[in-house]
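Chemist: Below: one structure in structure tokens.
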Amino acid sequence: MRTNSASLSSPTATTAQSVTVPGEVPGAEIRGLKVVFQTPAGPMPAVNDVDLDLPLGTITGLVGESGSGKSTLALAMMNAVPKPGHIAAGSIRLPSVTDMTRLQGKALRLARGTALGYVFQASQNSLNPLKRIGAQLLDLGRAHGMEDKGALLRHARELCERMGLDPVRTLSAYQHELSGGMRQRVGIVFALILNPSVLVLDEPTTALDMISQRTVLDIIRYVQRERHLATLIITHDIAIVADLADYLVVMYGGRVVEKGPTRHVLQRAAHPYTEGLIAAIPRISGDIDRAQPLPGRPPDLLSIPRQGCVFRERCAFAIDQCSVQTPGLMPVRVTRRHDALEEDSALLDGQVAACHVRAPAPSAKVST
Amino acid sequence: MSPDSPPSVKVTTGSGKARWARLGRRLGARVLTGVVMVLAVATLTFFLVHSMPGNPIQTEYQTLIARGVSPSLAAQQVAGMYGFVSSKPLIDQYGQYMWHLLQFNLGKSITASGEPVVHLVLSAAPWTIIPVLSGLIVSFLLGVSLGAVAAVRRTNRLGKVLSVSGSLFHGVPQFVWAVMLAYLFTTLLPIFPFGSPYNILDTPGWNGPFILSLVYSAILPVLAYALSSYGGWLLTMRSSVVTVLGDDFVLAAELRGLRPLTQLRYVARNAFLPLFTTLLLSVGFMFGGSIFIEEVFDYPGLGYQLVNAVNARDYPLMSGDFLFITVAVIAANILADFLYTFIDPRVRKAA
Chain W
56 MRTNSASLSS PTATTAQSVT VPGEVPGAEI RGLKVVFQTP AGPMPAVNDV
106 DLDLPLGTIT GLVGESGSGK STLALAMMNA VPKPGHIAAG SIRLPSVTDM
156 TRLQGKALRL ARGTALGYVF QASQNSLNPL KRIGAQLLDL GRAHGMEDKG
206 ALLRHARELC ERMGLDPVRT LSAYQHELSG GMRQRVGIVF ALILNPSVLV
256 LDEPTTALDM ISQRTVLDII RYVQRERHLA TLIITHDIAI VADLADYLVV
306 MYGGRVVEKG PTRHVLQRAA HPYTEGLIAA IPRISGDIDR AQPLPGRPPD
356 LLSIPRQGCV FRERCAFAID QCSVQTPGLM PVRVTRRHDA LEEDSALLDG
406 QVAACHVRAP APSAKVST
Chain F
2 MSPDSPPSVK VTTGSGKARW ARLGRRLGAR VLTGVVMVLA VATLTFFLVH
52 SMPGNPIQTE YQTLIARGVS PSLAAQQVAG MYGFVSSKPL IDQYGQYMWH
102 LLQFNLGKSI TASGEPVVHL VLSAAPWTII PVLSGLIVSF LLGVSLGAVA
152 AVRRTNRLGK VLSVSGSLFH GVPQFVWAVM LAYLFTTLLP IFPFGSPYNI
202 LDTPGWNGPF ILSLVYSAIL PVLAYALSSY GGWLLTMRSS VVTVLGDDFV
252 LAAELRGLRP LTQLRYVARN AFLPLFTTLL LSVGFMFGGS IFIEEVFDYP
302 GLGYQLVNAV NARDYPLMSG DFLFITVAVI AANILADFLY TFIDPRVRKA
352 A
């Protein structure tokens, strides 16, 4: 399923014409998204200049530490940035919505749930504790103009079965009667019941035991294939998406610092932050100390550098340019050394990184 | 997909009959505990009441003297009361009291010349229920709805004004409200009657003019009660709604595009839970009467009766009033506990 195309937004800053492979329908297109929080110290960008494409039929993993802006990005996709934040710039196109950021009122309410299904970070408590799950599904259907109760319930039962849940029991249960893994699956049922073509899962496996994690991830993969969804999985744990996602997007300090096909990003991470994230994964075998924690702390809203690279303060490779110029996303090149004399560099398909050192802009070559 | 193992799902429904039987058993157990509690409280109040300094005859005698009645005449008048005051040892009196209590006989009042206490209590009850229950309902509805508004609009001026009004109204004692309203609307601006719970020219009974005058006279006491307790409801509801609004499921409901009205219903029902028990307990405590409001507006209610009984050392009437309050509070408690299982599915499992 890996289409290694340039579908993950164009590598250069000229994002207006993004390249889409014929026959591949874009699920979601985020362009130049900027989310700003008004603070007493002035407006602070939590998400800055983010371009992201989610092609239908693929899973994209969005990885980053707490405070990297990944959850804010997801909320922005629903046009639901909590106050005092707001979407300051950019557009979000979904298959059935021209620009999510421009919707408001009833149109926005109707788009939520139908254009984009959202599985909440706290899916453990995403339902009204006083109402049976089936009744809440009917509320959801009614809110979106589905008057045919029977059809809705049939669909709900079918989805429950797909999730490995007993439909009759689940629909007549209250939230507190379900286990953590079951609640997460019910969360997915709620996200899919209105047949959206884009599915966003915010930390879908947090607070689940290993077995439930496995089950939920299997379900995500399975549903995505069956329904040809554009799926975005947000996680702080790169291992979760390593074998699930087709594309990886790494965020840091509100910016996308690297993105590309998962295999390439994992094998040849260009950005020092991505490298650090991968090095921090504990291995099943071997010394636990082989997992290297990333030194330093992620920036919060107030300490995000306004100028230059957001990662430079924790970066071992930072050069002078990093504190002056904000690096754009540039194609990652790898140097292949054939023998002592001959070497060439090749573009890695669709992999881009924002780093002056590892992915320099063609004009401003910097020797390492 | 691994089929999930069922143990975590505990289906509540079961068969309808079994569920009702379970609920019935539970209610029976609660009522039994309640009866034991009532008997314990009756014992306690019996001895407390009798250990008060002074006795009915002495108190009545002194009252008569204070009114300027000559000592010999006062002694003569008081002599009539001897028949109602037992001279047996206290423990025998207690045995008799409890024995009568089991037959729902609360004895005879000392001051009201042998009138059965049950009659006295029951005839005073309406005069408490009219102003206090109406006031409770008005203040609850007002406080809960405005509290919800105060919570939703907590960042803007309306919300802040409502919250401050809640604290302010909560801080002013009931008798201040009663006196203030009485002064404002019966003396300064005489638009309401004063001094009787109904127009004495109307004949009591189920007739239009009497009921109308009853309602008309009740406006001020109801208002006094409502204003003094509205603040408490407002503040409680406000904090409850604020808590629920922070819950994950509320954001989830919004992001799933549920209708605003549905979202409101979700929030309201969840926020109402903590207020439910308080409301039922308030209904129970209501039977203690509202001494100040009854006093100021001349309602011959339970609070009024109790104060008079205490002052006159009318032991049977005092015990009767206390017992009535006890039963009401315990019954309200049991009812709250029982009904709670219907409004919150999470406590059903524990049943």
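Heads up: the sequence lines are chains W and F, in that order. For the first sequence, position 227 matches number 282 in my numbering, and the numbering has no gaps at all. For the second sequence, position 263 matches number 264 in my numbering, and the numbering has no gaps at all. Glycine included, every Cβ here is placed at the ideal spot set by N, Cα and C.
(1) Helix, strand or coil for T156/F, going by three-state DSSP, please let me know.
(2) Which residues share a DSSP beta bridge with I289/W?
(3) Report the residue from L215/F, I192/F, N56/F, V308/F whose alpha carbon sits nearest the alpha carbon of D203/F.
(4) List in chain order: all unbroken beta strand (DSSP E) runs of 3+ residues lying wholly within the stretch 49–124 of chain F.
(5) Report the three-state DSSP secondary structure of G247/F (helix, strand or coil).
(6) Excluding the five sequence neighbours on either side, which residues of its own chain have a C-beta within less than 7 Å of the C-beta of L280/F, listed in chain order?
(7) Residue range of the alpha helix (DSSP H) that Y277/W falls in?
(8) Using a threshold of 7 Å, is the CB atom of I138/F nearer than that to any non-hydrogen atom of the ligand SAH?
(9) Does DSSP put G242/W in a helix, a strand or coil?
(10) In whole angstroms, what separates the C-alpha of L284/W from that of A246/W?
(11) Below 7 Å on C-beta distance, what does Y267/F contact in chain W?
(12) Could one say the Cβ of R26/F lies closer than 8 Å to chain W's Cβ atoms, at least one of them?
(13) I need the boundaries of the beta strand (DSSP E) containing T94/W, first residue and last residue.
(14) Let me see if you follow: with CB-CB separation under 8 Å, is G304/F close to chain W or not?
(15) So, does the CB of A135/W fall closer than 8 Å to a CB anywhere in chain F?
(16) Using DSSP with H/G/I as helix, E/B as strand and the rest coil, what is T67/W?
(17) Buried or exposed: which applies to M385/W, given that a residue is buried once 16 or more other Cβ atoms fall within 10 Å of its Cβ?
(18) Please check the pair V79/F and F176/F, which I expect to be a contact at CB under 8 Å, by giving their CB distance rounded to whole angstroms.
(19) Say whether the stretch 149–167 of chain W touches the stretch 127–140 of chain W, bearing in mind that this needs 3 or more beta-carbon pairs closer than 8 Å, one atom from each stretch.
(20) Taking only three categories from DSSP, how would you classify V412/W?
(21) According to DSSP, what are the bridge partners of H141/W?
(22) Per DSSP, what are the beta-bridge partners of E313/W in this structure?
(23) Quick check on L259/F: buried or exposed, where buried means 16 or more other Cβ atoms within 10 Å of its Cβ?
(24) Count the CB pairs spanning the stretch 259–276 of chain W and the stretch 289–299 of chain W that are closer than 8 Å, and state whether there are at least three.
(25) With burial defined as no fewer than 16 other Cβ atoms inside 10 Å of the residue's Cβ, what is the status of E213/W: buried or exposed?
(26) With 16 other CB atoms within 10 Å as the buried threshold, where does P77/W fall?
(27) Which residues in the same chain as A96/W place their Cβ atom closer than 8 Å to its Cβ, once the five residues preceding and following it in sequence are excluded?
(28) The beta strand (DSSP E) with A101/W in it runs from where to where?
(29) Any idea what DSSP makes of G172/F, helix, strand or coil?
(30) Out of A325/W, L233/W, R167/W, P337/W, point me to the one whose CA is closest to N180/W's CA.
(31) So for R347/F, helix, strand or coil by DSSP?
(32) Where does L219/W fall in DSSP's three states?
(33) Look up V174/W in the DSSP assignment and say whether it is helix, strand or coil.
(34) I'd like to check one pair, A325/W with I333/W: are the Cβ atoms closer than 8 Å?
(35) Please go through the stretch 311–387 of chain W and give each complete alpha helix (DSSP H) segment of 4 or more residues, from N-terminal end onward.
(36) Applying the criterion that 16 or more other CB atoms from any shown protein chain within 10 Å of the CB defines a buried residue, is Y62/F buried or exposed?
Modeler: In this structure, then:
(1) coil
(2) The secondary-structure analysis by DSSP pairs I289/W across a beta bridge with L117/W, D257/W.
(3) L215/F
(4) Residue ranges of uninterrupted beta strand (DSSP E) with 3 or more members are absent from the stretch 49–124 of chain F; none lies entirely inside it.
(5) coil
(6) Setting aside the 5 residues that flank it on each side, L280/F is surrounded in the same chain by F141, each with a C-beta closer than 7 Å to its C-beta; the list follows chain order.
(7) 265–282
(8) Because no ligand of any kind appears in the structure shown, any question about the ligand SAH cannot be addressed here.
(9) helix
(10) Their backbone Cα atoms lie some 12 Å apart in a straight line.
(11) N183
(12) no
(13) It spans 81–94 - the beta strand (DSSP E) in which T94/W sits, taken as one unbroken run.
(14) no
(15) yes
(16) Residue confidence is low: T67/W scores 40 on pLDDT, short of 50, so the model does not pin down where it sits. Its coordinate-derived value is still stated next. Looking at T67/W - three-state DSSP - the assignment turns out to be coil, as it is neither helix nor strand.
(17) buried
(18) Contact annotation, V79/F with F176/F: C-beta distance approximately 33 Å; criterion of less than 8 Å not satisfied.
(19) yes
(20) coil
(21) V91/W
(22) V305/W, A408/W
(23) Here L259/F is buried: its Cβ has 16 or more other Cβ atoms, across all protein chains shown, within 10 Å.
(24) Of all C-beta pairs linking the stretch 259–276 of chain W to the stretch 289–299 of chain W, three or more are shorter than 8 Å, placing the two stretches in contact.
(25) Counting the other CB atoms within 10 Å of its CB gives E213/W a total below 16, which places it among the exposed residues.
(26) Unreliable positioning characterises P77/W in this predicted model, as indicated by a pLDDT of 43, which lies under 50. A coordinate reading is not provided.
(27) L357
(28) 97–110
(29) G172/F: helix per DSSP, three-state reduction.
(30) L233/W
(31) helix
(32) The sequence as given places Gly at residue 219/W; Leu does not occur at that position. Looking at G219/W - three-state DSSP - the assignment turns out to be coil, as it is neither helix nor strand.
(33) In this structure, DSSP gives V174/W an extended state, which the three-state scheme calls strand.
(34) no
(35) 317–322, 327–334
(36) It counts as buried.
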